[in-house]
Structure formats: C-alpha cells, structure tokens
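Asks: Oh and the sequence shown: position 374 is 455 in this note's numbering, straight run, nothing missing.
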Amino acid sequence: MRKMTHVEIREMWFKFFTSKHHQIIESAPLIPIDDDSLLWINAGVTPLKKYFDGTKIPECKRLTSIQKCIRTNDIENVGVTKRHQTFFEMMGNFSIGDYFKNEAIEFAYELLTSEKWFAIPIEKLYVTIYTGDNEAYNKWIEMGMLKDHIIRLDENFWEIGKGPCGPDSEIFYDRGEKYDKDHDALEKFKKDEEQERYIEIWNNVFSQYNQEPNVKREDYKELPHKNIDTGAGLERWCLVFQDVDSNFETDLFQPIIESIEKMSGVKYNGQTPIKVIADHIRALTFALSDGAFFDNAGRGYVLRRLLRRSERFGRKLGLNEPFMYKLVSSVIDTMKEAYPYLVEKRAVVEALILEEEKLFLKTLTDGERILKQLVKNSTDGTISGNDAFKLYDTYGFPFELTEEYLHELGYTTSKEEFDKYMQVQKEQAREASKTKTAMASQKKVLLDFTEESTFVYGIYRLKTNVLAIFSKDQTIDTLDHDGYIALKRTCFYAQAGGQVSDTGMIVGKNFKARVLDVFKGPNGQNIHKVKLLDGVISKDDECELVLDKERRKQIEENHSSVHLLHYALRTTLEGDVHQAGSYVDNERLRLDFTYSKKLTDEKVIAVEDMVNKLIAEKYIVSTEVMPLDKAKQLGAMALFSEKYGAMVRVVKMGKAMELCGGTHTSNTGNIKKFAIYSYESKGSNTYRIEACTNTRIENTLYDIIKPYNDETIKLLMKARGILDEAKKYGITLDFDVELDNIKANSYKDIVYNQNKLSYVQTEVKELEKKYFAEREKLTLNNLDVYRKNVETYNNVKGLIMETDHMDTQLLKSIADSIVNEINPGCVFFINKGDNGAVNFVCRSNCHANAGLIVKDASVSSGGNGGGSKTFAQGGGKTDTAIEEIIKHVKKVLLDEE
C-alpha cells in the first residue's frame, strides 16, 4: 500500500473500471438539470437518476464517474470535525440493469486489495451490511472478508431525495490503534457511533427501488432493473493513501491552507477557522464556475451563507478585508488537471466573490454590534425570531450565522418564527432592499390579513375603495403619513414573474397619494406602498386609481418582447432552449436561458431579426384562462421554475404561447422595434440576453457603441501621427481606413463597431510594424551619429547615450550593431519618454554585466529591470538620476577586472 496523490487515485479508479468495461461519465454541473427535488448535485448517482428509474437507457450499462457534489445540511460541522466538507468529489461505479450485488462486491474487493491496484491488506478492511441482507454477507465471506469484520446495521439503507434507493454495504478502513486511545472504537463502530479509527471509504448501494415523497419504504416501487450505485469519497481516499490525520491535510486542501497561512500569518495546526475557509472556498469556486450566483434565496442563499461564514472566521485570523477572492487561484491550480474549464472561469469567480465580500463587510460590523446588544438586553436566554429576521433582512445576516453566534454564547432563537417572516418576504419578491426593510415591521399583520382584493387587467384607471391600511405592524383606520394600503379592486400590477410593479396616483375625496411600489401579500392581495401627498387616507374611502400610463405601456411592450424573444430563441437556435429567468421594466428587458451550444454574434443577430419580423406581423396579443392540462396540450410554454395552479392564464401572440400572469401590449405592432444590446454566458450552459424596444433603442445602443467609436478615433489619430512622422524620414506607407458615422439601431451595429475597432487595431499595429521596420533600416544604414559618441575606457570601448522617445526594439538593434563593431565593449542607452519616464537598453560583450547595470539604473529611477550578462532592459518613473547613472556606468567600464 503506497502513498498516492489525488491525481493518481483518480487515474487508477478510472483505469480499473474501464478495464471492467465501464464507460467514463464526465462530472455533471453542480446545478441539477430537470430535477427540482434538490438544490445541488449531492451524490454521484444524482445526474444518473433518469437511467436508474428506467426513463432513459444509457449507451453503456456500466458507468463510472468522479462527480462534483455539494451538501450543506450539516454545515455547522464543517471545520469542527476532520472530515466534513460542503464540496466533495464522489467516485462511483454504476450498473444499469447489468451486474448486481455479487459482481459489485467482487469489483470492490479486487480494486481495494489486489497488488495490481490499491493493495490494502484485507485485515485493514471492515464492512457493514443491511440487517437482513444475507446475500451480501455470504459474498463478502466468499471473497475473504473476516467474519468479525462484517457488521449488520438497520441503517444500511440508502436514500437521499426522490429517486433510486436500496440496501447498501459500506466499506471501512482501519486506521490503527493510534486513533483508538480508549480502546472503544470498535464498539462505537458497531453501534454506528462517531469514532476516529474506522472510517468509511466506499458505499455500495444495491439499488432496487424508487423513493417517492410521502410513500413508506415498504411501498416503494421496484425499478425496471436492479442497479448498482456506489460512492467513494475522494477526500477520504486521499486521507487513507496519504496517511494523514484529516482530509484537510491531504493534497486537495494543503495548497489552499498554505495560501491562508501566507495571508493571515497564522500557522495551521488544525484550527477551525482555517478549515472552514479552505472548505468553503472550494464550494464557492466550483458552484460559481458552474453557473450559480449569490442571492437571498435557494442556491444563491447557500453560497451567500458559505461566504459570510468564511468572512466571520476570517476575522478570527485577522483577515478584516476581502480575502476569499484571493484563494480562488489556489483552488483552480489544485483542481485544473481534473477540471480544465476552471481556468477560464478564474477572473469571473474572483470578481463575483470580491463584489460579494465588499457587500457583506459593509454591514457585518453593524450586524454583530446589534446582535451583541440583543444578547445583552435578553433576560431569558433567547432572541426572538423577529429580531433574527431583522438581522437577516437589514444587515444580511443569514439565520444560521445568527444561530451559531447565539449557540456559542448559550442563547437560542425561534426558527419557526423566523421562517414565518421569511415566507412573507419570498412571496413579496420585491426588488428594492429599502422597501423590504421598511416592511419588515409590517409583515406580521399581513399574515393575518385575508380579505379578498381583485386585480383587474387591461385598464389604466379604476374606481375602488380602500380595503385596509397598515402601519407599524398593525392595521389602522386612518393614515396621515407614508404607509401601505390594500384596495378592494386594483389595476396596479404587483411585481411578479420578473415584471416590475406599476406606479401612479391614488386620489380620494380627502387625500392624494403616490404609489411607489406594489407587492404580493402572503395571502395573495396586492399591497401598495404609498407616499401621502395630501390629506388623510381612511378605511373604506372611495378613490380613483390612475396608473403611470406611458410607463405601463412600455413595460407591457417589453414583457411581450420577452415572449417573442423566447419564441425566436427556440425556433432559431439549434438545440434545446429553456427560459431560466427574466426581468422586465419600462426601460429594458432581460432573458436568461439554457442552451447547450455556443452562442455567437451571428446567432444573436438572427434572433433579433426574427423578433423584429414577429413585431412587423402585428399579431394580436390574446389571453385566456384555462385548465393547466389544456394549456399544455395546446403547446403553451410553461417555465420549469414556476409553480402553477389548476387554472392558468395563457398569453398568445402568433405562434408564441406561454403561461403568464403579467401584463402585455394588445398588438405586437405596438412594440415597433426591438434591439439586443448585450449577451453573455452565465456559466453552466446558461446565457443572458438584454434588450430594449421602441424609443429606448437609439440612446441605449449609442451609449454602448460610442466607446468603440471613440477608441477607433484615437487609433486613427495615432495612425495619422505615424504617417506624418514617416514623411519626415521620407518613408511612404499605405493606410486606407476611414471613420464611419455612428449607427445605433440594432445589435448588428454594435457588432460592426466592435469588429471595426478590432480591424483598426490590427491595421494600426501593422502600420507601426512597417514604420519601425523602415526606421530601423534607415537607422542601421547610418550609424555614424552613434559611432562618433563611442569612447574608450581603459581597454574597453563604450557608447553611453541619451535618446528621446525611441522605440525600444530599434535601440536594441542599434546596440547589437554597435557592440559588434567595438568588441570588446558595451552600449548603454537612456531613452526618455513622456512625463519624466525613462527606459534603459544595454548590450555588452565585455566584463560589464548588462543585467546589473540596468537593474541599478532602473532602481535609481523608481522602477525595475534586468536581464542577462550580455543583454538587459528596464525602466523607471523619473529621469532625475540620469547624471548619477551615467557616472556609475562609466565607473563600471573603467573598473575592468
């Protein structure tokens, strides 16, 4: 049994199973595809569920993989124990209706114990089996496993989320007596209790059933075929084969930990803060590289929690400024051989983490101060769930982080109460963080507000009555300040489905108020945030609603454009396209979508053209409420991320048909024109397109195109300067590039200006190259101006000369020519540039060391440089030390050794 790196373990794993006719499956992204039961891929089998439940047949029935996984259900143990991780890699072999239990055990035994493979002594291995699994017991005995090394446990039945499940057999490695000081590890092991001596390295699941929510185990349905699903944690294997105390001491973590040591000045000796940071940066790097983002819900919330937990522990190491982004390179450099795609994600991931760090550090100090004050004021050892939510809502403190703080101090808080407030916030789905904060004290009363309020489509004015008024966590009868109201009927749209809320006026006999925002209450009513301009609002007041009509129309046009864009993407692009999110306001629209191929400028232009054709067709936009099943039969697109009731609203414009609750224009012709101004990859085969319509197009695109045009102008001016300079030396050069007038009507225009800039950059670079080549030719044919400045220093000749704005490459060529004529000798140029800058070129074929001469000169000038004994170059920021530099070089030439 020899020591092995993580790279060697990976290679041997795949080599063994390919020898057993398994097909290698590349690790799936961490974000599950078409599986809403999980936030993350959390096991090797997860991406293969479609094979295990019989809905799809794989090309090869024997598969093997090393799958990236994230689990955060026990995050509080990460950094405390030696082997808990949020991100880990699961090696696995799988049989889809091919071999079963006997062969799986044979493969495991051979791979682990054979001298050809990992060569673990059999006495170092223990196995557990499901209590009633005599078949597994007999097979292990047959293979040579010691009887007293086989342990039966009721817990040996594997299931995690909906999908394949079944009895399993876990394999453990005996680390020896040094991990069993109390000589009780075996007894704890047999009771399935925590201990350090016997560690699990592989789990073989004999998958026979399909787990479904709310179904008892005895009622699970049989899978079409018996399957094998195994999982072997790479980190555990590294621990075993590198013979270290914990996962954190393996070569998967040590490069990261060394970087933390350098940043913090703290030497690692098992401290929790260093382990937490090392683990979490791995999870963050991989998750962000796979297309996840920081957010206040779902996956984004998990990532935000990981980062903020890391920041908290970083402060314990004295890391009070952003530091996590600096560790991304350590993760990527360690893992890039297994995951080459990480390299191209480096800059994006670093930028995302840095931005999030800055955001959190701005509020962290205030949040901690408030939490300490809450603890100080508590008389019963508890902090209310309401206070915990305020910390989250106002200061960005994840609830779990608050729990950890309180746990350390012996305090508690109410998760149930926190969740109640959290649910209200999720249902509001509001954009403005200030609005969320303002309503934090209002939300409890909204939970109890159940009176019916109706939203009316298709109108911009409406007479109605004030249904309820909310202020300071209570229902009130009159409002003489800014606050929140509900109306019996309303035409103000509440933010939902990516569409922003309406704004406008509410006018009653005794008041006038401006609607700033509208959101959905927990019981479905539209809640209006109002700024009171005049008078007093009273419950039951009659009032008239007046939307900002032009703003609403622009929103409607943009929302309908999103539907047309989605349709154009699905019909224009080759391959599956699925909407992954959208945003619509009165100025712009945004659509996120998954697409398995590369998105190009040409494809984007084709999509934009199709949308404009659909607009030109002037399709009537119709809506109809119908049963969900009927809508799907008609082909209406339903978004995977949305949840629908039995009755749905279908929006149709031409062949584009989607389930949607938003507001739309009445005819696609109202949109007039559509232009895409940006597209980008968000990772994990997800793209984002941003666009605008109608009168917004020219200004929006002009602002994007102008910088390209400005840069093109600068380059053309530079080219003109080169041509004028060339004329002084009698050099004739060809350059025929003209500037165009700016057109800003479509994405085509953006691409044209981008390409024009790129073309001009290439042409100017080529012009410079030709100019300097001609200059060099002229200069080298007339070196007398340099020869006459050559002086003799004892037995060595030297040229020490100041020049002005000369090309460094030309100076090098001159130095090469002169030094060959004065052998032995030395040429040293001091070339002055703009703003006092200076650079140096030195060529020597005598005792003078060119590298040392340039290094000394550069340092004296506030810069740096160096090279070999025969050639060097460098530069500095100031030319004030030139006289001293010349004296020094002359002294070097005179001091011949």
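Even glycine gets a Cβ: it sits at the ideal position worked out from N, Cα and C.
Taking the alpha carbon of Leu-820 as the point to measure from, which residue in Gly-312, Lys-837, Met-586 has its own alpha carbon closest?
Replies: Of Gly-312, Lys-837, Met-586, the smallest CA-CA separation from Leu-820 is found for Lys-837.
Asks: Going by beta carbon distance, what residues of the same chain come within less than 7 Å of Gln-835, once the five residues before and after it are set aside?
Replies: Tyr-789
Asks: To the nearest whole angstrom, what separates the beta carbons of Leu-527 and Gly-602, a pair I think is in contact under 8 Å?
Replies: 5 Å
Asks: Whole-angstrom Cβ separation of Asp-360 and Gln-166, contact assumed at under 8 Å?
Replies: 5 Å
Asks: How far does the alpha helix (DSSP H) with Phe-853 in it extend, from its first residue to its last?
Replies: 828-861
Asks: Please name the residue or residues paired with Trp-283 in a DSSP beta bridge.
Replies: Ile-252
Asks: Unbroken beta strand (DSSP E) runs of length 3 or more, entirely within the region 653-692: which are they?
Replies: 658-665, 670-676
Asks: To the nearest angstrom, how far is the alpha carbon of Glu-698 from that of Asp-710?
Replies: 29 Å
Asks: Check whether the Cβ of Ser-641 lies closer than 7 Å to any heavy atom of the ligand SAM, and answer yes or no.
Replies: Although the ligand SAM was asked about, the structure shown includes no ligands whatsoever.
Asks: Which residues does DSSP pair with Leu-543 in a beta bridge?
Replies: Leu-626
Asks: So, do the region 620-639 and the region 569-588 have three or more beta carbon pairs nearer to each other than 8 Å?
Replies: yes
Asks: Find out if the Cβ-Cβ distance for the pair Ile-232, Tyr-218 is shorter than 8 Å.
Replies: Not in contact: Ile-232 and Tyr-218 (Cβ atoms no closer than 8 Å).
Asks: Please classify Lys-972 as buried or exposed, where buried requires at least 16 other C-beta atoms within 10 Å of its C-beta.
Replies: exposed
Asks: Hey, could you find the ends of the beta strand (DSSP E) Gly-585 is sitting in?
Replies: 585-589
Asks: From Phe-536 to Leu-120, what distance separates their C-alpha atoms?
Replies: 33 Å
Asks: I'd like the list of long-range same chain contacts for Glu-484, defined as Cβ closer than 7 Å, with 5 residues on each side in sequence excluded.
Replies: Thr-494
Asks: Express the C-alpha separation of Glu-275 and Val-706 in angstroms, rounding to a whole number.
Replies: 57 Å
Asks: Using the rule of at least 16 other Cβ atoms within 10 Å of the residue's Cβ for burial, across every protein chain shown, is Ser-370 buried or exposed?
Replies: buried
Asks: If you run the structure through DSSP and keep just helix, strand and coil, what is Met-887?
Replies: coil
Asks: CB Val-702 to CB His-745, shorter than 8 Å?
Replies: In contact: Val-702 and His-745 (Cβ atoms closer than 8 Å).
Asks: Could you tell me the alpha carbon to alpha carbon distance between Thr-444 and Phe-375, rounded to whole angstroms?
Replies: 16 Å
Asks: Is it a yes or a no for the region 552-572 touching the region 598-615, going by three-plus beta-carbon pairs under 8 Å?
Replies: yes
Asks: First and last residue of the alpha helix (DSSP H) that includes His-609?
Replies: Premise fails: His-609 lies in the beta strand (DSSP E), 607-616, not in any alpha helix (DSSP H).
Asks: Does DSSP classify Met-226 as helix, strand or coil?
Replies: Coil at Met-226, not helix or strand.
Asks: What are the boundary residues of the alpha helix (DSSP H) that includes Met-798?
Replies: 777-809
Asks: Where does Val-932 fall in DSSP's three states?
Replies: Residue identity differs from the one stated: residue 932 is Gly in this sequence, not Val. If DSSP states are grouped into helix, strand and coil, Gly-932 belongs with the helices.
Asks: Straight-line CA distance for His-969 to Lys-846?
Replies: Between His-969 and Lys-846, the alpha-carbon positions lie close to 37 Å from each other.
Asks: State yes or no: is the C-beta of Gly-314 within less than 8 Å of the C-beta of Phe-169?
Replies: yes
Asks: On the three-state DSSP scale, how would you describe Asn-926?
Replies: Note: Asn-926 maps to coil in three-state DSSP.
Asks: Are Trp-198 and Met-85 close, meaning C-beta to C-beta below 8 Å?
Replies: no
Asks: Less than 8 Å between C-beta atoms, sequence neighbours within five positions excluded: which residues of the same chain meet that for Ile-895?
Replies: Thr-860, Leu-861, Leu-864, Tyr-867, Val-908, Phe-910
Asks: Let me check understanding here. Comparing Cα to Cα, which of Asp-673, Ile-451, Glu-965 lies closest to Gln-660?
Replies: Asp-673
Asks: Leaving out five residues before and five after Glu-38 in sequence, what residues of the same chain have Cβ atoms less than 8 Å from its Cβ?
Replies: As shown, the chain starts at 82 and ends at 978. That puts residue 38 outside it, with no answer to give.
Asks: Can the beta-carbon of Ala-737 be found closer than 8 Å to that of Ala-756?
Replies: It is not a contact, given that the beta carbons lie outside the stated cut-off.
Asks: How would you write the range of the beta strand (DSSP E) that Asp-332 sits in, first residue to last?
Replies: Premise fails: Asp-332 is in no beta strand (DSSP E) and is neither H nor E.
Asks: Could you give the DSSP three-state label for Asn-875: helix, strand or coil?
Replies: coil
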